[in-house]
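Written out below as structure tokens is the structure these notes cover.
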Amino acid sequence: MSNPQGGDGNSAGNSLGLAVGATTVACTGDGHRPVLRPASVTLEPGVTLTGFVDRVGDPVPMVAEDGSQHRPESLLATALDGAARAAAAAPVSEVAVAVPAHWRPSMVDALRGALRSKSGLARSPVVSDAAAALTALRSNPGLPSAGVIVLCDFGGSGSSITLVDAAANDAPIGETVRVHDFSGDRIDQTVLARVVAGVFDASGADPAGTSMVGSLGRLRDECRRAKERLSDETATAIVVDVPGLETTVRMTRMELEGLIDESLAEFTAALFDTLDRNRVPLASISAAATIGGGARIPLVTQRLSEHLRTAVVTTPQPQLTAAAGAALIAGRSRIVEAATTVAPAAPVAAAAVVGAEAAPTVTALAWSEVEDEPHVEQPYVPTPADSRPEIEFRRDEWDDWNEQTQPRRRGPALLFGLAAAAAVVAGVAFGLTTLTR
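Each residue of the sequence shown is one higher than the one before, counting from 831 in this note's numbering.
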């Protein structure tokens, strides 16, 4: 892929969506291969940098083993560019990048500046991954049009809680809350500790020995894969292959649930605290939505449904949801740009009808249209609007999101010869959130 944005822009299938996670980078788009990559950059054989995502915007550079220094946001831009090139099956016209909803504006600005150095990503809008995920979920399988939606993102280094008002175009309620107690990394470490305690105690081997360091790293990867398998299977085998010891350990889903029960309870407590602080009663919640790799764990869905007393909306590949939403946003941005380029007066007409209900003009990224499994690289029924509870909104860091997602007043329909372009803009204005200035 010589240039991710070098396509002709004539079809929605030319758009790509990228999503930034603390431990992974996801990329997908209609007609393109889904890609999940570790958030890492290999400078040269044997020299790999990781851990830069949470340091984006940090003025202190990261130092590689060879002594070279690198800005965290530049490393992330390189990782995103590589993922886009790996995923693109054809020339791409537009790319959008979804970043963690809990990021500070300074972090978003730092990444945006770094992306300008990548020819294929220089024009890419940068959006909140919460807004991107809601765009994907609202498109397929669908979300309620009223009430409060609780979006839970279960990622590698932590989980995030975002509340939005469905009747106000998914405007955020308060700030996104980050919970570090429940994370993919913590679960992997817990499983590893259980395996090490059982196997090494029985064998008498020393897990702290120098020769064990590399082997324990591989064993931790095997524990992560076992955790993922237990989302679909009731039992699995963990292969233990370390110096002087080769065996297998059987683990059941029930055992895994016992290991994560405490940390999941801590997440649930944080969720209820978030609802209380934003004065959101359970009766006002119309749906819970889950994204991220941890959303595949059956116990997570079960607990959320029990505690929130509502349906839990997710997708078959929740680790790709934010990237899929970013792809939709990229495609819709391109259609708006094309409409306004062909008919310069279209924005005037659109202002009169932007609040009108319009059928979506962009083909949604259907989950059945992507590969069943992403390429992984290793190192609803609406409720009446008048029933909505009174909600206290807190506008601060996400003013851009609030301003762009608030419903606009309807005016006279100045359609005439611009009706088609106006309808396109009205259809895509819903749910579109961009931090690009």
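All C-beta atoms, glycine included, are put in the ideal place defined by N, C-alpha and C.
Just verifying my parser: in three-state terms, what is the DSSP assignment at residue i?
i	result
A931	coil
P1111	coil
E924	strand
Q1335	Nothing about residue 1335 can be read from this structure; the chain reaches only from 831 to 1267.
T1145	coil
R942	helix
F1097	helix
L848	strand
G1155	helix
I1090	helix
E874	strand
S1013	coil
D1051	helix
G950	coil
R1083	helix
L1075	strand
P971	coil
T858	strand
A1065	strand
T880	strand
L1060	coil
R885	helix
R1162	helix
R1008	strand
A1189	Confidence in A1189 is poor, its pLDDT being 32 and thus under 50, which makes the residue's placement unreliable; the coordinate value appears in the next sentence. Note: A1189 maps to coil in three-state DSSP.
A1125	helix
T853	coil
E1139	The amino acid at residue 1139 is misidentified as Glu; the sequence shows Arg. Three-state DSSP puts R1139 in coil, outside helix and strand.
A963	helix
A907	helix
L1244	A caution first: L1244 carries a pLDDT of 36, below 50, which makes its placement in the model too unreliable to give a value.
A917	helix
A869	coil
Going by C-alpha to C-alpha distance, which of the options sits closest to residue i?
i	options	result
M1081	A976, G1074, V1070	V1070
L1089	A976, G1014, I1159, V956	G1014
N970	T1151, R1162, G1161, V883	T1151
R1133	V1110, L1158, N1108, S1093	S1093
R1024	C1053, P1002, A1001	C1053
G1155	G851, T858, T854	T858
P889	V877, E903, L879	E903
A1113	P891, A1056, G977, V1007	G977
A940	D911, L906, G972	L906
V1007	R1107, V927, L945, P921	R1107
P1111	I1127, L993, T1077, D1018	L993
E1005	S1163, T1104, A1100, P955	T1104
R901	A914, A913, V883, E895	V883
A1160	V922, T872, V865	V922
E1085	T1077, L1075, E1076, T1020	T1020
I1068	G1123, L1101, G1044, V1026	V1026
R1083	T878, A1153, S936, I1127	I1127
V980	P955, A996, P1146, A966	A996
G912	E1058, S870, E1076	S870
E895	E874, V957, A914	E874
Q1149	G972, L967, T1066, W933	L967
G988	L1075, F1030, R946, G1124	G1124
W933	L1075, S1135, I1017, G851	G851
H1010	A998, I1003, I991, P1002	I991
K1057	L1022, H1137, G1047, V957	L1022
V886	L945, G876, V865, I1003	L945
A1100	P891, A1153, H1137	H1137
S1163	G943, V956, D1091, G876	V956
Checking the sheet assignment: what are the DSSP bridge partners for residue i?
i	result
F984	S989
P1002	V994
I979	V994, A1117
S958	V929
M892	H900
V1070	T1077
P864	According to DSSP, which records beta bridges pairwise, P864 is partnered with nothing at all.
Write down the C-beta distance between residue i and residue j rounded to the nearest angstrom, noting that I regard them as a contact closer than 8 Å.
i	j	result
T854	R867	6 Å
I1121	D1000	At roughly 14 Å, the Cβ-Cβ gap does not stay under 8 Å, so I1121 and D1000 are not in contact.
F1012	F1102	About 14 Å; that fails the 8 Å criterion.
V929	S954	Contact flag wrong, Cβ pair sits at about 11 Å.
V1079	G1047	With a Cβ gap of about 17 Å, V1079 and G1047 do not count as contacting.
Is the Cβ of residue i closer than 9 Å to any Cβ of chain B?
i	result
Q1019	Checking the listed chains, one finds no chain B in this structure; it contains a single protein chain.
Shorter than 8 Å, the distance from the beta carbon of residue i to the closest heavy atom of the ligand GTP, or not?
i	result
G912	Among the components modelled here there is no ligand, and therefore nothing to report on the ligand GTP.
Across the region 1134 to 1146 and the region 1108 to 1120, are there enough close Cβ pairs to call them in contact, namely three or more that are closer than 8 Å? Flag = yes, the region 1134 to 1146 and the region 1108 to 1120 touch.
Count the CB pairs spanning the region 952 to 969 and the region 847 to 859 that are closer than 8 Å, and state whether there are at least three. In short, these stretches touch, since the Cβ pair count reaches three.
Check whether the region 913 to 926 touches the region 946 to 954, taking contact to mean three or more Cβ pairs, one atom from each stretch, closer than 8 Å. Result yes; three or more Cβ-Cβ pairs closer than 8 Å.
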